[in-house]
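Let me begin by presenting the structure, written as structure tokens, before commenting on it.
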Amino acid sequence: MNITLDETQILIQELAELKEDHRELDIAIQKLATQLNSNQLEISRLKKQKLKLKDSIARLESSLIPDLSA
């Protein structure tokens, strides 16, 4: 798959946004986990959301790597 320079720049920006969201979720999870009466259901939901973000990040990073077999 050949992508243009503009498409690459858009993907890089999207990747940066996803990584920032991932960091923010990590901080929120850590903060909730340290609270005495932490809501385990909320923590679990945030962890699942964080995992989905990680998968999206991996997919985007993979799409930015040139296809060497072409």
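The working numbering puts the first residue of the sequence shown at 1240, with every later residue one more than the last.
Just so you know, even glycine gets a beta-carbon here, dropped at the ideal spot from N, CA and C.
So residue i and residue j are in contact, right, with Cβ under 8 Å, and what is the actual spacing, rounded?
{"i": "Pro-1289", "j": "Leu-1271", "result": "Reading off the sequence shown, one finds Lys at residue 1289, where the question assumed Pro. About 12 Å separates the two Cβ atoms, so there is no contact after all."}
Residues in its own chain within less than 8 Å of residue i by CB, not counting five upstream and five downstream?
{"i": "Leu-1285", "result": "Leu-1264, Ala-1267, Ile-1268, Leu-1271"}
Taking buried to mean at least 16 other C-beta atoms within 10 Å of its own C-beta, is residue i buried or exposed?
{"i": "Leu-1257", "result": "buried"}
{"i": "Leu-1292", "result": "buried"}
Leaving aside the five residues before and after residue i along the sequence, list all residues of the same chain whose C-beta is less than 7 Å from its C-beta, in chain order.
{"i": "Ile-1282", "result": "Ile-1268, Leu-1271, Ala-1272"}
{"i": "His-1261", "result": "Lys-1289, Leu-1292, Lys-1293, Ile-1296"}
Going by alpha carbons, who is nearest to residue i out of the options?
{"i": "Ser-1295", "options": "Leu-1280, Leu-1275, Pro-1305, Glu-1259", "result": "Glu-1259"}
Within its chain, find whatever has a CB closer than 6 Å to the CB of residue i; leave out the 5 residues flanking it on each side and keep chain order.
{"i": "Leu-1254", "result": "Leu-1299"}
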